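*Asks:* Starting off with a structure, shown below.
Chains as they are written, first to last, in our numbering: chain A, 1 to 487; chain B, 1001 to 1479.
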């Protein structure tokens, strides 16, 4: 039955691979066939590496035959195109990097390679990860596998759609203000943003350096735990990584006590006007379910929540305006020659960047300008500290926080495109974890009109074990949605 | 005509001679390397690459701050200075802005024998840019230098003249060389100066408009640019004009400053804390260790030479100019503590050794004999075992082959003849062979003694103790 191997979770595939019931080549072929069958509709991938993937699968089978039991040996994964892959085109969804082939690997890619994983290809993203729908990709918009007329969310929309459509067993995404969790929620998959510093950023194309984290998107919480365990850890090449041991997230799930005695914070400020009734209903149901399994919900307050969006859009754009300066046409990437040096800068960046990226560079440069710095960037940093303290106070009271991932389910393509502010506001529940540097996971929590709803579980800094265990308990207790979307 | 006084502050950029670059593992030495060889994802600013702080560069900068009597700050923040230029691969330079490593220091300088203190505002750490070479039809970018650690030393506006600026920069260079943190070679761009200059009427405390002069890449350029600017601004003011707030460059060939940028074109660098680098916290224990490792600096050394060994100010200054030379000298004095005087060692050092070092261009470290052998040579001369000229010949042998002085003396048979019987014999022979000069001397022509001593030396093949020879001649001729 190799033709349905693509439906397996990593955990299931690993069990069958280690029992030698299937080979990595069979598994990879099945997934590649699935991609061939559905990706013309989903359009999750910006580029595919079928030959390299099969070659890697053969090597994985050889390694296993030689007794290797690396944790992800022979597991085919999709990688967001904001992550640097040696010898494999990496565009970050931008024209300015359209033909860029990096000469080095991101640390997370090196770690996946050592663990035996196979890279299938690179998934679509909003340009430089700036967006919530993949509509800002310079190349095309990915479709939500549950409803092809809807967006998959963003910016890791390609990775989320690939998992939902079973075009990969697992995926990596990057999350600056919700870019893993929001598309995971929209596509009905699991997505985790780690604590800032838990996973190396070396080789992530920078958006907001103080906010960016790389994390897994997966079909199950256990798979997400396994992927996180592989990519996490201190990296001498990233000075912002934390030099703390990486727990056995995956094995710890088996030892978990589930919801029993778990104190769950329910932030008052997240259940507000603007939260779609079906989402609110799903949240209340999730809380009730947890409570029925022994959890203790506690209403809490995160008083600075209302400042999250402005603070986020000041800090993220300020950092981005500087981070994107290197795309100047001098050393690599697109160059649109002008009459002189300055004209070449103007022409290159005018031609290479899309409107959303330009908008954010301008916003960010403005926030850092002389005379405005104190009022915008500095003030935002101060409020960010208050937001962090909100969470520190909350986690003295509770173990984890339950919140909606998004105010509503996936929207129709084009619905928010003319209204950037509306698009920004849809990040209201996810930006907080990035600002506070804390981990967050989203797990499927039901459907509304055929579109998935995500439950977001937030934990204290380095509390990945806690949120994975809570998410795992929820996943076990909840009815599982049909594994295959109707495509 | 109003008389004006110059108010000058200096910014000096100094390249640190660390093994690797400021934020990556690429070699920091770029001189003579093929273009773009010493590069990696970080210093090429490839997407996704991140900086990591070079601890050695931090230590070097703190050490310099300590030598300049600065406060060394425990909490350090790097910042991004944003601007576009093809030699700046990231589109921003990682520097320090609000929280530099060192502040509130001072450097004592000496100008024409008079002492003066120049305040040090700050010493901070940043990275160098790449190099552009302009060719017909475009420019070539070499990023070997991009990311090399650069230390910036900013002075208070305490300098009043070109001579003071010259002394300040010389002394800075001497200090960084003493500390071993930089080559200080201006001709190789390891030290680059900028001057901020304004004029004030001598009888007023109101400072005029400040002009910045960049690209001063030699001591001469520093002096000439200041002299030029003082004259230009004085002339402008006395003609009833106004000094414009501009950034100027120094045109070496035309020998004048030229406007590079007006106030309207001033950059907004949009500084903000570098999010890729957490604040750097220096352990106070580490700062204490660095303070303890601080070598004796030239001024203190020279003062000690004068006090301990009664050396002249000139000799003390000469001997302490370079740390390696001073250390060689001190080692020789120590090795010959019981046999030679520091003053004799100073004479040999500043005379013979310095001459040979300057002529050959080799480093002190490449001298083929140890200081103890040098001390032994001086002792041989001082105790009259060999004469001064023979001593110079022995030194030549030591310099060339690194042989021990006693071995050379023995091999060449240079040992001075101090045996009075042997000298007596030669003297008798010389008087017999030179009856006319002997008669002249006896007749009162004192100068002839020199000729006769020379004849004794010739007969002894230079080995006779000339003092003994002269005494013997006088005795014989008087009898």
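Here a beta-carbon is modelled for each residue, glycine too, at the ideal position from N, C-alpha and C. Model, not experiment: these values are computed from the prediction.
Going by Cα to Cα distance, which pick from A:193, A:165 and A:241 is closest to residue 38 (chain A)?
*Replies:* Walking along the first chain from the start, residue 38 (chain A) turns up at place 38. Out of A:193, A:165 and A:241, A:165 has the C-alpha closest to the C-alpha of residue 38 (chain A).
*Asks:* What does residue 1076 (chain B) reach in chain A if we use C-beta pairs closer than 8 Å?
*Replies:* Here residue 1076 (chain B) refers to the residue found at position 76 when the second chain is read from its first residue. Those within 8 Å of residue 1076 (chain B) in chain A number zero; the least Cβ separation is about 13 Å.
*Asks:* In whole angstroms, what is the alpha-carbon distance linking residue 350 (chain A) and residue 1264 (chain B)?
*Replies:* Within the first chain, residue 350 (chain A) is the residue found at index 350, counting from 1. Within the second chain, residue 1264 (chain B) is the residue found at index 264, counting from 1. Spanning the two alpha carbons is a distance of roughly 25 Å.
*Asks:* Measuring only between beta-carbons, confirm whether residue 237 (chain A) sits less than 8 Å from chain B.
*Replies:* Walking along the first chain from the start, residue 237 (chain A) turns up at place 237. Yes, its Cβ sits closer than 8 Å to a Cβ of chain B.
*Asks:* So, are the CB atoms of residue 217 (chain A) and residue 316 (chain A) less than 8 Å apart?
*Replies:* Along the first chain, read from residue 1 onward, the residue named residue 217 (chain A) stands at position 217. Along the first chain, read from residue 1 onward, the residue named residue 316 (chain A) stands at position 316. No, these two residues do not count as a Cβ contact at 8 Å.
*Asks:* Taking one C-beta from the stretch 1370–1380 of chain B and one from the stretch 1330–1342 of chain B each time, how about it: are there three or more such pairs within less than 8 Å?
*Replies:* The answer is yes - the stretch 1330–1342 of chain B touches the stretch 1370–1380 of chain B, with three or more Cβ pairs under 8 Å.
*Asks:* Given a threshold of 16 other Cβ atoms within 10 Å of its Cβ, counted over all protein chains shown, does residue 1127 (chain B) qualify as buried or as exposed?
*Replies:* On the second chain, position 127 is the one that residue 1127 (chain B) refers to. Residue 1127 (chain B) should be labelled buried.
*Asks:* Excluding the five sequence neighbours on either side, which residues of its own chain have a C-beta within less than 6 Å of the C-beta of residue 115 (chain A), listed in chain order?
*Replies:* As a first step, residue 115 (chain A) must be located in the first chain, where it is residue number 115. 70, 71, 72 and 230, listed in sequence order.
*Asks:* Give the list of continuous alpha helix (DSSP H) stretches no shorter than 4 residues that lie fully inside the stretch 1280–1307 of chain B.
*Replies:* 1284–1293
*Asks:* Measure the alpha-carbon distance for residue 1122 (chain B) versus residue 1082 (chain B) and round it to whole angstroms.
*Replies:* Here residue 1122 (chain B) refers to the residue found at position 122 when the second chain is read from its first residue. Here residue 1082 (chain B) refers to the residue found at position 82 when the second chain is read from its first residue. Going by the C-alpha atoms only, they are around 21 Å apart.
*Asks:* Leaving out the 5 sequence neighbours to the left and right, which residues in its chain are closer than 8 Å to residue 335 (chain A) when beta-carbon positions are compared?
*Replies:* Along the first chain, read from residue 1 onward, the residue named residue 335 (chain A) stands at position 335. Taken in chain order, the residues that qualify are 329, 344 and 348.
*Asks:* Buried or exposed: where does residue 1134 (chain B) fall if 16 or more other Cβ atoms within 10 Å of its Cβ makes it buried?
*Replies:* Within the second chain, numbered from 1, the residue matching residue 1134 (chain B) stands at position 134. Residue 1134 (chain B) should be labelled exposed.
*Asks:* So, is the C-beta of residue 328 (chain A) closer than 8 Å to a C-beta in chain B?
*Replies:* Locating residue 328 (chain A) in the first chain gives position 328, counting from the first residue. So yes, residue 328 (chain A) belongs to the interface.
*Asks:* Beta-carbon within less than 6 Å of residue 1478 (chain B)'s beta-carbon, same chain only, minus the 5 sequence neighbours each way: which residues are those?
*Replies:* On the second chain, residue 1478 (chain B) is found 478 positions in, with the first residue counted as 1. Nothing meets the Cβ criterion.
*Asks:* Interface residues of chain A around residue 1053 (chain B) at Cβ under 8 Å?
*Replies:* By 1-based counting over the second chain, the position of residue 1053 (chain B) is 53. Chain A residues near residue 1053 (chain B): 239.
*Asks:* For a contact meaning CB atoms closer than 7 Å, what does residue 1268 (chain B) contact in chain A?
*Replies:* Position 268 of the second chain, counted from the start, is the residue given in the question as residue 1268 (chain B). Chain A residues near residue 1268 (chain B): 369 and 370.
*Asks:* Counting only Cβ-Cβ distances shorter than 7 Å, please list the residues of the stretch 1130–1150 of chain B near chain A, keeping chain order.
*Replies:* 1141
*Asks:* What is the C-beta distance between residue 517 (chain A) and residue 83 (chain A), in whole angstroms, given that I count them as a contact (C-beta under 8 Å)?
*Replies:* No information on residue 517 (chain A) is available, as it lies outside the stretch 1 to 487 that chain A covers here.
*Asks:* Assuming residue 186 (chain A) and residue 452 (chain A) make a contact with CB atoms under 8 Å, what is their CB distance in whole Å?
*Replies:* The count along the first chain starts at 1 and reaches residue 186 (chain A) at position 186. The count along the first chain starts at 1 and reaches residue 452 (chain A) at position 452. Yes, residue 186 (chain A) and residue 452 (chain A) are in contact; Cβ-Cβ is about 7 Å, under 8 Å.
*Asks:* Quick one: residues in its chain with C-beta nearer than 6 Å to the C-beta of residue 241 (chain A), no 5 flanking neighbours on either side, listed in chain order?
*Replies:* One-based indexing of the first chain puts residue 241 (chain A) at position 241. Closer than 6 Å at Cβ, skipping near neighbours: 197, 200, 234 and 235.
*Asks:* On the three-state DSSP scale, how would you describe residue 1 (chain A)?
*Replies:* Against the first chain, residue 1 (chain A) aligns to sequence position 1. Interpretation of residue 1 (chain A) is limited by its pLDDT of 45, a score under 50 that renders its predicted location unreliable; the figure taken from the coordinates is listed afterwards. DSSP places residue 1 (chain A) in coil when its eight states are reduced to three.
*Asks:* So, helix, strand or coil for residue 207 (chain A), using DSSP?
*Replies:* Here residue 207 (chain A) is taken as the residue at index 207 of the first chain, counted from 1. In the three-state scheme derived from DSSP, where H, G and I count as helix and E and B as strand, residue 207 (chain A) is classed as coil.
*Asks:* If contact means a Cβ-Cβ distance below 8 Å, which residues of the stretch 83–95 of chain A contact chain B?
*Replies:* Against chain B - using a Cβ distance shorter than 8 Å - the residues of the stretch 83–95 of chain A are 83, 84, 90 and 92.
*Asks:* Name, please, each residue of chain A whose Cβ falls closer than 7 Å to the Cβ of residue 1090 (chain B).
*Replies:* Reading the second chain from its first residue, position 90 is the one you call residue 1090 (chain B). The answer, in chain order, is 325 and 326.
*Asks:* Is there a Cβ of chain A sitting closer than 8 Å to that of residue 1034 (chain B), yes or no?
*Replies:* Numbered from 1 along the second chain, position 34 holds the residue referred to as residue 1034 (chain B). It does not: the Cβ of residue 1034 (chain B) has no partner Cβ on chain A nearer than 8 Å.
*Asks:* Taking all protein chains shown into account, do 16 or more other C-beta atoms lie within 10 angstroms of the C-beta of residue 323 (chain A), making it buried, or fewer, making it exposed?
*Replies:* Translated into positions along the first chain, residue 323 (chain A) becomes position 323. Buried: at least 16 other Cβ atoms inside 10 Å.
*Asks:* Curious, which full-length alpha helix (DSSP H) runs of at least 4 residues does the stretch 1027–1089 of chain B contain?
*Replies:* Qualifying alpha helix (DSSP H) stretches, in chain order: 1055–1067.
*Asks:* Could you compute how far the alpha carbon of residue 454 (chain A) sits from the alpha carbon of residue 475 (chain A)?
*Replies:* Within the first chain, the letter at position 454 stands for residue 454 (chain A). Within the first chain, the letter at position 475 stands for residue 475 (chain A). Their Cα atoms are separated by approximately 11 Å.
*Asks:* Name, going along the chain, the residues of the stretch 1011–1041 of chain B whose beta-carbon falls closer than 7 Å to a beta-carbon of chain D.
*Replies:* The chain inventory of the structure shown lacks chain D, comprising the protein chains A and B.
*Asks:* Please name the residue or residues paired with residue 1107 (chain B) in a DSSP beta bridge.
*Replies:* Walking along the second chain from the start, residue 1107 (chain B) turns up at place 107. Beta-bridge pairing links residue 1107 (chain B) to B:1118.
*Asks:* Would you mind sorting residue 1 (chain A) into buried or exposed? The rule is 16 or more other CB atoms within 10 Å of its CB.
*Replies:* The count along the first chain starts at 1 and reaches residue 1 (chain A) at position 1. For residue 1 (chain A), the pLDDT reaches just 45, beneath the cut-off of 50, and the residue's location in the model is therefore unreliable, although a value from the coordinates is still provided. The residue in question, residue 1 (chain A), is exposed, as its Cβ has fewer than 16 Cβ neighbours within 10 Å.
*Asks:* Report the partner residues of residue 1134 (chain B) according to the DSSP bridge assignment.
*Replies:* As a working note, residue 1134 (chain B) is residue 134 in the second chain. In DSSP, residue 1134 (chain B) forms a bridge with B:1139.
*Asks:* In chain order, what residues of the same chain have a beta carbon less than 7 Å from the beta carbon of residue 431 (chain A), not counting five sequence neighbours either side?
*Replies:* Translated into the one-based positions of the first chain, residue 431 (chain A) becomes position 431. For residue 431 (chain A), where only same-chain residues beyond five positions count, the Cβ hits under 7 Å are 177, 178, 308, 309 and 312.
*Asks:* With 8 Å as the threshold, decide whether the Cβ of residue 1356 (chain B) is near any Cβ in chain A.
*Replies:* On the second chain, position 356 is the one that residue 1356 (chain B) refers to. Not closer than 8 Å to any Cβ of chain A, the Cβ of residue 1356 (chain B) fails to qualify, so no.
*Asks:* For residue 187 (chain A), which three-state DSSP category applies?
*Replies:* Counting from 1 along the first chain, the entry for residue 187 (chain A) is found at position 187. Residue 187 (chain A): helix per DSSP, three-state reduction.
*Asks:* If you run the structure through DSSP and keep just helix, strand and coil, what is residue 263 (chain A)?
*Replies:* Start at 1 with the first residue of the first chain, and residue 263 (chain A) comes out as number 263. Strand, per DSSP.
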